[in-house]
Amino acid sequence: MSARTDRPAPRVSIGMPVYNGGERMRRAVDSLLAQDFEDFELVISDNASTDGTWDLCREYAARDPRVRISRNADNEGIMANFKKVLALSAGEYFMWAAFDDLWLPSFLARLTADLDAHPEAGVTLCRFDVVDEEGEPMFTFGLDERHDPNRLGRVATARLFYSRLKVNYYFYGLFRRALLDAHIGEYVPIVAVERWFLAKLALVAPFRYVDEVLHVRTHSRIKFANRYPDDPLSRVFVAQTASPVTLAPFASVARFALASPDVRPWVRLGVVPLFFAYAGRQLGQIRHRLRLAGRRAAHRFLTQKTAS
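Number 464 marks the last residue of the sequence shown (this note's numbering); no jumps.
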């Protein structure tokens, strides 16, 4: 790991786990180093890339003392690398950064100010644009008043993660580091891992939302398991989604809610509505699978009828 020198710990740490990011990560790193808020470190962990990623990491570390780099001898898996950049960082606030995203110059300043103004909050997220891997716009993510965590209690915020809203993107918000340090052990390999990890955190601390577009998120149209077939998380995803009903995510959140001393007693009562919310989500997925199966069957029938 490259040294921090004798500088005091920064206010913000940015952790960028990367595997074969190559030149795609250059724009991401450049946008982070161009932030108006300058009291941060950028910790990059290269997960045994086989392209020119490590050379690019060394280039930036030599150019800017805020960049600290580490390289795994072997690919340790995506989740392990995400945990590693957190462990190597030292800031009061922390964020994970995807190597192919882009941040507007005021991103850190605006979100840091939001957490400063709300010391009870555990994480804050902004509105953002989503583009595909070619840079083509897909949609803009934002939360209306009905789903704005600034207006919701802890159980109501946790319920957002049982909906179809893209609130799993809170994983790339700015966290109060103490919250992550206390509960990173709950970041466990289950399907939709970020969503359920965040649901647990929402039971512990309030979430915040900044209604300004400050982040451009890159979304791959290729499923995670197809992009990283050898990653341990992909194998978990394939195994758990093979069943029409998956109870592991709800069981994980319920266990945490009932056992964690950081969840207040009145919040624990929220496990009941969370169960019904999860059941509704599961029923929705079953209906979706049945519709897809029906369409495939109809397509095969029409194809066979046309051929005959």
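All C-beta atoms, glycine included, are put in the ideal place defined by N, C-alpha and C.
From a predicted model like this one, the values you see are computed outputs, not experimental measurements.
Going by DSSP, residue 195 is part of no beta strand (DSSP E) at all; its letter is neither H nor E. Take residue 255, set aside five residues on each side of it, and the residues of its chain with a beta-carbon closer than 7 Å to its own are 172, 174, 177, 180, 181, 184, in chain order.
Counting other Cβ atoms within 10 Å of its Cβ, residue 422 stays below 16 and is therefore classed as exposed.
Looking at 261, 272, 220, 366, the one whose alpha-carbon comes closest to that of residue 188 is 261.
Measuring C-alpha to C-alpha distances from residue 167 to each of 429, 207, 268, 411 identifies 268 as the nearest. Bridge pairing for residue 202: 174, 227 [DSSP]. Going by C-alpha positions, residue 283 is about 10 Å away from residue 329.
Of the candidates 220, 455, 308, 194, the residue whose Cα lies closest to the Cα of residue 266 is 194. In the pairwise beta carbon analysis, the region 225 to 232 is classified as not touching the region 292 to 301: fewer than three pairs are separated by under 8 Å. Taking a C-beta distance under 7 Å as the contact criterion, residue 381 and residue 394 qualify as a contact pair. Beta bridge pairing from DSSP links residue 369 with 283.
The Cβ-Cβ distance between residue 363 and residue 305 falls below 7 Å.
Comparing alpha-carbon positions, the option among 371, 360, 222 lying closest to residue 281 turns out to be 371. Between residue 453 and residue 332, the alpha-carbon positions lie close to 50 Å from each other.
Taking a cut-off of 8 Å for Cβ pairs, the region 220 to 229 and the region 195 to 210 touch, as three or more such pairs fall below it.
In the three-state reduction of the DSSP assignment, residue 330 falls in the strand class, which pools E and B.
Look at the beta carbons and you see the region 273 to 280 touching the region 346 to 363: at least three pairs across the two are nearer than 8 Å. By the Cβ criterion, the region 312 to 327 is in contact with the region 344 to 354, since at least three pairs of Cβ atoms, one from each stretch, lie closer than 8 Å. Residue pairing for residue 374: DSSP places it in a beta bridge opposite 287. Take residue 336, set aside five residues on each side of it, and the residues of its chain with a beta-carbon closer than 7 Å to its own are 242, 250, in chain order.
Ranking 334, 432, 253 by CA distance to the CA of residue 197 puts 253 first.
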